[in-house]
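J.: Below is the structure I would like to discuss, written out as structure tokens.
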Amino acid sequence: MSLDLEIRAFLRTPPVQEINFSMRGIRVTGLGFAVLSVHFSDQPVPQRIGVTVRPELVGAQNDAVYDSVSDTIHLRSDTVLQTTVGQSHVLHECTHAQIDLRGRGTSIRSEEGAAFIAEAWFLLACGVADAAVDRLVGAAVRTIAADLRRRFQATGLIPETTADQINSARTAMRDRGYRNGYYVENGLAGHVYRGD
């Protein structure tokens, strides 16, 4: 199976589909990942997200990176999706792609915070121990993800992050070295998803 189709199938798995939260204008949902998944194909499709194995473009601590200009996910290797940690890194980058698909300009620290929260939620849904999640995304982010996940499971409604959670996530991103500023997302090849 091609990497494109592996990512498509991965985005439709139960641990990914259960991720649902909103962070002051940034919406990350299972439905959004399902919609995004159709843009991964080994055939020509409108607004296709490219997938390449380009380790030189991926940071030292990551297995994947999303380029919103070229609508491409670059992977460290063709085996990234074979581990839960690798999957979590791909999910993080697919969160950026989902936000790009929605055509939202966002604060860098807020968007990175949302991507790390989604990554932590995925790891928790996969049964990864809290201490291991903390090493990957930080305790503050894991705590936010655990609370949002609990609230979603209790009500079935998409939970909104609290002001304190937003501030905590943004502080965690500052501590990770993310600068102030904005990501400008323009959709996939100009196509913007307006659903959910």
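In the numbering used here, the protein residues as written are 1 to 196. Just so it is clear, CB atoms sit at the ideal spot from N, CA and C, and this is done for glycine as well. Keep in mind the model is a prediction, meaning the values are calculated, not measured.
1. Below 8 Å on the Cβ atoms is my contact criterion, and I expect glutamate 119 with leucine 91 to pass it. Report the Cβ-Cβ distance as a whole number of Å.
2. From the DSSP output, which residues share a beta bridge with tyrosine 183?
3. Between which two residues does the beta strand (DSSP E) carrying methionine 173 extend?
4. Taking one C-beta from the region 44-59 and one from the region 21-35 each time, how about it: are there three or more such pairs within less than 8 Å?
5. Confirm, please, whether the CB-CB distance from arginine 109 to tyrosine 182 is below 7 Å.
6. Which same chain residues end up closer than 6 Å to arginine 104 when comparing Cβ atoms and leaving out the 5 residues on each side of it in sequence?
7. State yes or no: is the C-beta of valine 85 within less than 7 Å of the C-beta of phenylalanine 116?
8. Return the CA-CA distance between alanine 189 and alanine 97, expressed in angstroms with no decimal places.
9. One question on the structure: do isoleucine 26 and alanine 163 come within less than 7 Å of each other, judged by their Cβ atoms?
10. Alpha carbon to alpha carbon, how far is glutamate 93 from valine 58?
11. To the nearest angstrom, report how far apart isoleucine 73 and alanine 146 are at their CA atoms.
12. If distances are taken between C-alpha atoms only, which option among Asn62, Tyr66 and Gln61 comes closest to glycine 50?
13. Threonine 161: buried (16+ other C-beta within 10 angstroms of its C-beta) or exposed?
14. Would you give the residue range spanned by the alpha helix (DSSP H) that histidine 191 belongs to?
T.: In brief:
1. The residue given as residue 119 occupies position 119 in the sequence shown. The residue given as residue 91 occupies position 91 in the sequence shown. Sure, about 6 Å apart at Cβ, within 8 Å.
2. Against the sequence shown, residue 183 aligns to sequence position 183. In the DSSP output, where bridge partners are listed per residue, tyrosine 183 has Thr106.
3. For the purposes of this step, residue 173 is taken as the residue at position 173 of the sequence shown. Where methionine 173 is concerned, there is no enclosing beta strand (DSSP E), although the alpha helix (DSSP H) it sits in stretches over 163-175.
4. Not touching, per the Cβ criterion.
5. As a first step, residue 182 is located in the sequence shown; it is residue number 182 there, counting from the start. As a first step, residue 109 is located in the sequence shown; it is residue number 109 there, counting from the start. One thing to note: tyrosine 182 has its Cβ no nearer than 7 Å to the Cβ of arginine 109.
6. For this step, residue 104 is matched to residue 104 along the sequence shown. For arginine 104, where only same-chain residues beyond five positions count, the Cβ hits under 6 Å are Glu185.
7. As a working note, residue 85 is residue 85 in the sequence shown. As a working note, residue 116 is residue 116 in the sequence shown. Not closer than 7 Å, so no.
8. Working through the sequence shown from its first residue, we reach residue 189 at position 189. Working through the sequence shown from its first residue, we reach residue 97 at position 97. Alanine 189 and alanine 97: Cα-Cα distance of roughly 12 Å.
9. Along the sequence shown, read from residue 1 onward, the residue named residue 26 stands at position 26. Along the sequence shown, read from residue 1 onward, the residue named residue 163 stands at position 163. Contact flag unset, no.
10. Start at 1 with the first residue of the sequence shown, and residue 93 comes out as number 93. Start at 1 with the first residue of the sequence shown, and residue 58 comes out as number 58. Each residue's alpha carbon lies about 11 Å from the other.
11. To locate residue 73, count along the sequence shown from 1; it is residue 73. To locate residue 146, count along the sequence shown from 1; it is residue 146. Cα to Cα, the separation comes out at about 27 Å.
12. Stepping through the sequence shown from its first residue, residue 50 is reached at position 50. Among Asn62, Tyr66 and Gln61, the Cα nearest to that of glycine 50 is on Tyr66.
13. Taking the first residue of the sequence shown as position 1, residue 161 is located at position 161. Around the C-beta of threonine 161, 16 or more other C-beta atoms lie within 10 Å, and the residue is accordingly described as buried.
14. Taking the first residue of the sequence shown as 1, we reach residue 191 at position 191. Here histidine 191 belongs to no alpha helix (DSSP H), and DSSP marks it neither H nor E.
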